[in-house]
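Residues in the sequence shown are numbered from 1 upward in steps of one, following full-length UniProt numbering.
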Amino acid sequence: MEQDLIDENTVFREIFVTPSSRAEELASKYGYFKYMIERYLKLYGYQDTLRLLESMEKKLKPVVRINTRFVELDYAYSKLIDHGFELRDIDWYPYAFRILEKPEKPSIGATHEYLKGFYYVHRDAAPLIPVILLLYDYSGDVLDACAAPGGKTTFIAELLNNSGIVYANDLVLYRLRSLVSHILRMKLNNVVVTWLDATKIKDVFRRKFDRVIVDAPCSGEGVIMLDPSRKRKTKQRDLARLVVKQIKLLNSLLDVLNNDGILIYTTCSIAPEENEYVVSKILEFRNDVDIIEPFIKLIDWDHGIRRFHRLNFDDRVSRCIRITPFKHEMIGLTLCLITKTKR
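Shown next as structure tokens:
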């Protein structure tokens with residue numbers, strides 16, 4: 001059995017924060033764990049923490065992504081308008097739209113066009129960003145290591161346009177069913193689905209990839225506006241346990257990345273413990289990886305942080321990018337482009 005690179009107690013000691021009285025007041029008002037508020041205060045300061053907390057109280061409008069493999073953009077758009085949906089362009093991706101208003105019937109997931117595979121419904125636009133960055137100037141096979149429920153996989157398969165195969169893996173069976181359903185509904189024929197513990201992929205596949213995406217299981221702290229239960233779901237000890245798993249997962253999947261290939265590590269979390277901390281530990285443990293800047297800039301995103309609380313991260317994590325809810329009007333998301341170098 002593969003051993004963890006770092007133990008839970010070490011992580012817990014390193015990431016532990018003691019809440020201040022100001023954090024306790026805000027935690028009581030907004031319903032969060034106290035340590036989460038203390039973290040926000042250290043990251044953003046008091047005024048921006050208030051902006052963050054208020055942004056998490058506002059529901060986001062869903063996003064539709066047109067399946068360009070199967071239908072013309074104008075036709076799909078006009079059908080949605082005819083149904084009574086009011087759509088707004090996504091500035092940085094012309095085939096996706098935010099739903100501003102919807103009719104009483106049908107729902108966006110019950111139209112004939114949805115059932116025919118004309119589009120995919122995302123909870124927000126931010127998850128499109130990692131896929132666009134991963135496939136920039138690339139056409140070939142891709143490993144989506146934690147693929148369900150299917151937003152990334154179907155988008156990758158669509159953009160590849162049969163120039164490569166998507167190997168879509170997930171461990172949770174009921175989520176795999178959703179993944180397969182979306183693949184079939186959207187008539188995508190360049191996807192292979194596997195049901196594996198992602199840390200075992202390197203032993204089962206016996207091949208490597210030039211592109212890998214790891215949407216790691218996380219606290220979901222960036223989607224509180226979609227799921228308020230996340231405010232009090234992950235205690236600090238739980239977070240330490242989760243971080244150990246994230247480090248193990250990322251380290252294992254780097255072993256299936258080819259030299260000069262690119263792996264995107266991403267979470268729907270704004271917690272540095274799950275992002276810069278994880279990546280910094282990988283840089284500490286391995287001498288065959290590096291962090292690169294994105295090849296294109298889709299929005300004015302934030303950079304990864306190099307210091308948090310009493311922790312100093314590897315300077316290279318500043319090349320990671322952050323989507324911050326109160327700045328970008330999207331879910332919180334962090335991602336990092338990691339490349340494999342020859343030892």
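For each residue, glycine too, the CB sits at the ideal point set by N, CA and C.
In terms of CA proximity to residue 340, 208 leads the group 128, 273, 76, 208.
In this structure, DSSP gives residue 230 a helical state, which the three-state scheme calls helix. At a cut-off of 3 residues, the continuous stretches assigned as beta strand (DSSP E) that sit fully inside the region 162–231 are 166–170, 191–195, 209–215. Around residue 159, the same chain offers 135 as residues with beta carbons nearer than 6 Å, after the five sequence neighbours per side are excluded. The beta-carbon distance between residue 259 and residue 342, rounded to whole angstroms, is 5 Å. This is short enough to meet the 8 Å contact definition. Counted as a single uninterrupted DSSP element, the alpha helix (DSSP H) harbouring residue 45 occupies residues 34–55. Per DSSP, residue 238 has no beta-bridge partner at all. When beta bridges are read from the DSSP output, residue 271 appears opposite no residue. Spanning the alpha carbons of residue 50 and residue 263 requires a straight line of approximately 34 Å. DSSP places residue 340 in the strand class (E or B) of the three-state scheme. The residue among 24, 65, 155 with its C-alpha nearest the C-alpha of residue 46 is 24. The Cβ-Cβ distance between residue 168 and residue 193 falls below 8 Å. Taking a contact to require three or more Cβ pairs closer than 8 Å, the region 73–83 and the region 173–193 do not qualify as touching.
Our two residues, residue 188 and residue 333, have alpha carbons roughly 27 Å apart in a direct line. A straight-line Cα-Cα distance of about 10 Å links residue 127 and residue 330. The beta carbon of residue 123 sits closer than 8 Å to the beta carbons of 60, 62, 63, 223, 226, 331 from its chain, once the five residues preceding and following it are set aside; these are given in chain order. Taken atom to atom, the span from the alpha-carbon of residue 149 to that of residue 179 is near 5 Å.
Assignment of residue 112 by DSSP, reduced to helix, strand and coil, places it in the helix class. DSSP places residue 80 in the helix class (H, G or I) of the three-state scheme. DSSP places residue 17 in the coil class of the three-state scheme, outside both helix and strand. Contact between residue 256 and residue 201 holds, with the beta-carbon distance rounding to 6 Å and staying under 8 Å. A straight-line Cα-Cα distance of about 26 Å links residue 40 and residue 297.
Ranked by Cα distance from residue 213, the first of 276, 245, 261 is 261. Within the DSSP secondary-structure output, residue 260 pairs in no beta bridge.
With fewer than 16 other Cβ atoms inside 10 Å of its own Cβ, residue 235 counts as exposed. Residue nearest to residue 152 within the set 43, 165, 130 is 130 (criterion: CA-CA distance).
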